[in-house]
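**Student:**
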Ligand code: GDP
Ligand code: ZN
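In our numbering, the protein residues as written are 171 to 630.
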């Protein structure tokens, strides 16, 4: 593995492959300007002031062949993302040309960047902490505006500030403990013990607050896995079409992150839904539709949220009741569709039966669909404050460390209750301080940092 102290000049394509008209090849490092200048015909880039952009051509110095017409930005250290010299070549020739430019830079002194290496340099050079680095990754992957907002907020250090405040509380107490050990008085132990217990409880409370956001944070990041369930002909495909076709709802997946063609992402009132088995719902259109019990079981297993549809113009039959039972332990919203045909099943009756939010709709006539979207939003954000400056924990690494710190503090409290000597309890107290530091990278070993950054997309 690479160590943290190599600072050669790296290059990568930093826009999603195959998307949009313009792509950017980015260089970072001491020789960024020099290398770019070797292949650039236009202004002498080595004389360019920082943060300027220049028109010209990329030319292969070996055969003088023009490869593309470009705009080149020169940004000099330290006011750059990596705190190194950065050159960005904006080209518009499509993927083949973009690749040729990258290859040319590699032949002229740059090294191909590893995934996440730009962000890693920003971290190593002290520009950002780990939570901020992780949020860069999240912004790249953000599927909706709200998810992007949370990620951007972290990039500004929201989580960092919270963690640092907790660490400070612990540190202040530790300082006190040291003083009391140095100057033992009659009740010094008692005072210290009380303070450690109090601070442990206070920090645990704050950790719990952050952990509460984790479920939502993770869902924001990955999309809330949603299954559309119901008998044939109740309107599943119509709902799917509505959700995926309405202009505001479509979220195009970022190139390179598409994993499973059976999933589609939509944003409903800022809630990213990962719709499960949409192929199944679309696919069955041309055939005599069967409910595919096996298939919906699978979809159900994976689902965080179930949209359960009924044809409200018909009486409930045993299969409907079976579906109600099968989804009973899921977060669900019951949709009484086809209200335009006259309702045989009332919302009140259904609510009684399912103990869930019930929304009568006519998908065909686009009736009450806003109420459905609101219900999805409310279910998702229930109790969470929907403000822009919210700090959320958005990944498993952070959750794991918060849980570990919490456990250490609980151990401190338990130890002090049984009158274990203070300096023994202090070990866990110290440990919690370390663990919290790992979240922000203040106490991260190199290996962890390397592993973490390798998860990034290429070019970031
Ligand atoms: P699926 O089998 O559950 O996927 O149901 P579809 O979405 O394919 O719908 C079956 C039929 O019901 C289609 O002809 C739809 O146009 C129709 N349909 C869907 N929603 C409504 C509705 O709200 N009212 C009425 N009258 N028809 C609907
Ligand atoms: Zn259908």
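Glycine included, every Cβ here is placed at the ideal spot set by N, Cα and C.
Predicted model, so just to flag it, every value in this text is computed and none were measured.
How about residue 292 and residue 255: are their beta carbons less than 7 Å apart?
**Tutor:** Position 122 of the chain shown, counted from the first residue, corresponds to residue 292. Position 85 of the chain shown, counted from the first residue, corresponds to residue 255. Contact flag unset, no.
**Student:** Pop quiz: residue 573 and residue 545 are said to be a contact at Cβ under 8 Å. What is the actual Cβ separation, rounded to whole angstroms?
**Tutor:** In the chain shown, counting from the first residue as 1, residue 573 sits at position 403. In the chain shown, counting from the first residue as 1, residue 545 sits at position 375. Not confirmed; about 32 Å, so no contact.
**Student:** Report yes if the C-beta of residue 406 is less than 6 Å from at least one heavy atom of the ligand MG; otherwise report no.
**Tutor:** Annotation note on the ligand MG: not contained in the displayed structure, which lists the ligand GDP and the ligand ZN as its ligands.
**Student:** So does residue 447 have its beta carbon nearer than 6 Å to some heavy atom of the ligand GDP?
**Tutor:** Within the chain shown, numbered from 1, the residue matching residue 447 stands at position 277. Because no heavy atom of the ligand GDP lies under 6 Å away, the Cβ of residue 447 does not count as near it: no.
**Student:** Evaluate contact between the segment 466 to 479 and the segment 503 to 523, counting only Cβ atoms and requiring at least three cross-stretch pairs below 8 Å.
**Tutor:** They touch, by the three-pair rule.
**Student:** Roughly how many whole angstroms lie between the Cα atoms of residue 341 and residue 603?
**Tutor:** Sequence index remark: in the chain shown, residue 341 carries index 171 (1-based). Sequence index remark: in the chain shown, residue 603 carries index 433 (1-based). Spanning the two alpha carbons is a distance of roughly 7 Å.
**Student:** Tell me whether residue 530 sits in a helix, a strand or coil according to DSSP, three-state version.
**Tutor:** Counting from one through the chain shown, the residue named residue 530 turns up at place 360. Residue 530: strand per DSSP, three-state reduction.
**Student:** Taking the DSSP output, what are the residues bridged to residue 482?
**Tutor:** Against the chain shown, residue 482 aligns to sequence position 312. Paired residues: none, contrary to the question.
**Student:** Report the CB separation of residue 365 from residue 383 in whole angstroms; it is logged as a contact under 8 Å.
**Tutor:** Residue numbering aside, residue 365 sits at position 195 when the chain shown is read from its first letter. Residue numbering aside, residue 383 sits at position 213 when the chain shown is read from its first letter. That pair is no contact at about 28 Å.
**Student:** Determine the direct distance from the alpha carbon of residue 228 to that of residue 193, and round the result to whole angstroms.
**Tutor:** Taking the chain shown and counting its residues from 1, the one referred to as residue 193 is at position 23. Taking the chain shown and counting its residues from 1, the one referred to as residue 228 is at position 58. Going by the C-alpha atoms only, they are around 14 Å apart.
**Student:** Run through DSSP, which three-state label would residue 179 get?
**Tutor:** In the chain shown, the residue the question calls residue 179 occupies position 9. Three-state DSSP puts residue 179 in coil, outside helix and strand.
**Student:** Assign residue 557 to buried or exposed, taking buried as 16 or more other Cβ atoms, counted over all protein chains shown, within 10 Å of its Cβ.
**Tutor:** Locating residue 557 in the chain shown gives position 387, counting from the first residue. Model confidence at residue 557 stands at a pLDDT of 43, short of 50, so the residue's coordinates are unreliable; what they give is reported in the following sentence. The residue in question, residue 557, is exposed, as its Cβ has fewer than 16 Cβ neighbours within 10 Å.
**Student:** Out of 308, 376 and 287, which has the shortest C-alpha to C-alpha gap to residue 339?
**Tutor:** By one-based count along the chain shown, residue 339 stands at place 169. The candidate whose alpha carbon is nearest that of residue 339 is 376.
**Student:** Inspect the CB distances between the segment 515 to 530 and the segment 478 to 498 and report whether three or more fall short of 8 Å.
**Tutor:** Counting Cβ pairs under 8 Å, three or more are found: they touch.
**Student:** Starting from residue 399, trace the beta strand (DSSP E) both ways and give me its first and last residue.
**Tutor:** As a first step, residue 399 is located in the chain shown; it is residue number 229 there, counting from the start. Residues 394 to 400.
**Student:** For residue 333, count the other beta carbons within 10 Å of its own beta carbon; 16 or more makes it buried, fewer makes it exposed. Which is it?
**Tutor:** Position 163 of the chain shown, counting from 1, holds the residue named residue 333. With 16 or more other Cβ atoms within 10 Å, it is buried.
**Student:** Please name the residue, chosen from 233, 231, 219 and 262, that lies closest to residue 247 on a Cα-to-Cα basis.
**Tutor:** Within the chain shown, residue 247 is the residue found at index 77, counting from 1. If we check each option's Cα against that of residue 247, 219 comes out closest.
**Student:** Locate the beta strand (DSSP E) running through residue 212, then write down its first and last residues.
**Tutor:** Here the question's residue 212 lines up with position 42 in the chain shown. Where residue 212 is concerned, the enclosing beta strand (DSSP E) stretches over 210 to 212.
**Student:** For residue 610 and residue 290, I'd like the C-alpha separation in whole angstroms.
**Tutor:** Walking along the chain shown from the start, residue 610 turns up at place 440. Walking along the chain shown from the start, residue 290 turns up at place 120. Approximately 13 Å between the Cα atoms of the pair.
**Student:** Specify whether the segment 566 to 583 and the segment 504 to 521 touch according to this definition: at least 3 beta carbon pairs, one from each stretch, less than 8 Å apart.
**Tutor:** Judged by Cβ distances under 8 Å, the segment 566 to 583 makes no contact with the segment 504 to 521, as fewer than three pairs qualify.
**Student:** Evaluate residue 216 with the Cβ neighbour count: other Cβ atoms within 10 Å of its Cβ, from every protein chain shown; 16 or more gives buried, anything less gives exposed.
**Tutor:** Walking along the chain shown from the start, residue 216 turns up at place 46. Exposed is the call here.
**Student:** So residue 414 and residue 439 are in contact, right, with Cβ under 8 Å, and what is the actual spacing, rounded?
**Tutor:** Counting from 1 along the chain shown, the entry for residue 414 is found at position 244. Counting from 1 along the chain shown, the entry for residue 439 is found at position 269. The Cβ separation is near 15 Å, so there is no contact.
**Student:** Pairs of beta-carbons, one from the segment 266 to 286 and one from the segment 528 to 547, closer than 8 Å: are there three or more?
**Tutor:** The segment 266 to 286, when compared against the segment 528 to 547, does not touch it at the 8 Å Cβ threshold.
**Student:** State the start and end residues of the unbroken beta strand (DSSP E) segment that holds residue 444.
**Tutor:** For the purposes of this step, residue 444 is identified with residue 274 of the chain shown, where counting begins at 1. Here the beta strand (DSSP E) through residue 444 covers 441 to 445.
**Student:** For residue 594, which residues of its own chain have a beta-carbon under 7 Å away from its beta-carbon, when the five flanking residues on both sides are left out?
**Tutor:** Indexing the chain shown from 1 puts residue 594 at position 424. Here the set comprises 585.
**Student:** Return yes when the C-beta of residue 482 is under 6 Å from any heavy atom of the ligand GDP, and no when it is not.
**Tutor:** One-based indexing of the chain shown puts residue 482 at position 312. Outside the cutoff, so no.
**Student:** Quick check on residue 443: buried or exposed, where buried means 16 or more other Cβ atoms within 10 Å of its Cβ?
**Tutor:** Mapped onto the chain shown, residue 443 falls at position 273. Buried is the call here.
**Student:** Determine the direct distance from the alpha carbon of residue 515 to that of residue 486, and round the result to whole angstroms.
**Tutor:** As a working mapping, residue 486 is identified with position 316 in the chain shown. As a working mapping, residue 515 is identified with position 345 in the chain shown. For residue 486 and residue 515, the distance between alpha carbons rounds to 7 Å.
**Student:** Please determine, among 258, 235, 253 and 230, the residue with the shortest C-alpha to C-alpha distance to residue 243.
**Tutor:** Reading the chain shown from its first residue, position 73 is the one you call residue 243. Out of 258, 235, 253 and 230, 258 has the C-alpha closest to the C-alpha of residue 243.
**Student:** Since residue 195 sits in a beta bridge, which residues does DSSP pair it with?
**Tutor:** The sequence position of residue 195 within the chain shown is 25, counting from 1. According to DSSP, which records beta bridges pairwise, residue 195 is partnered with 183 and 259.
**Student:** Name the one or two DSSP bridge partners that residue 434 has.
**Tutor:** Residue mapping note: residue 434 aligns to position 264 of the chain shown, counting from 1. In the DSSP output, where bridge partners are listed per residue, residue 434 has 445.
**Student:** With hydrogens ignored, establish whether the beta-carbon of residue 490 is closer than 6 Å to any heavy atom of the ligand GDP.
**Tutor:** Taking the chain shown and counting its residues from 1, the one referred to as residue 490 is at position 320. For the ligand GDP, not one heavy atom lies less than 6 Å from the Cβ of residue 490.
**Student:** Judging by CA-CA distance, which residue of 534, 606, 395 and 196 is the nearest neighbour of residue 272?
**Tutor:** Residue numbering aside, residue 272 sits at position 102 when the chain shown is read from its first letter. It is 196.
**Student:** Using CA atoms only, rank isn't needed, just tell me which of 547, 394 and 481 is closest to residue 470.
**Tutor:** As a position in the chain shown, residue 470 is number 300, starting the count at 1. The option with the nearest alpha carbon to residue 470 is 394.
**Student:** Quick check: the Cα distance between residue 181 and residue 275, rounded to an integer number of angstroms?
**Tutor:** In the chain shown, residue 181 corresponds to position 11, counting from 1. In the chain shown, residue 275 corresponds to position 105, counting from 1. Computed Cα separation, rounded: 7 Å.
**Student:** Which residues in the same chain as residue 532 place their Cβ atom closer than 6 Å to its Cβ, once the five residues preceding and following it in sequence are excluded?
**Tutor:** Here the question's residue 532 lines up with position 362 in the chain shown. Only 509 and 510 meet the Cβ criterion.
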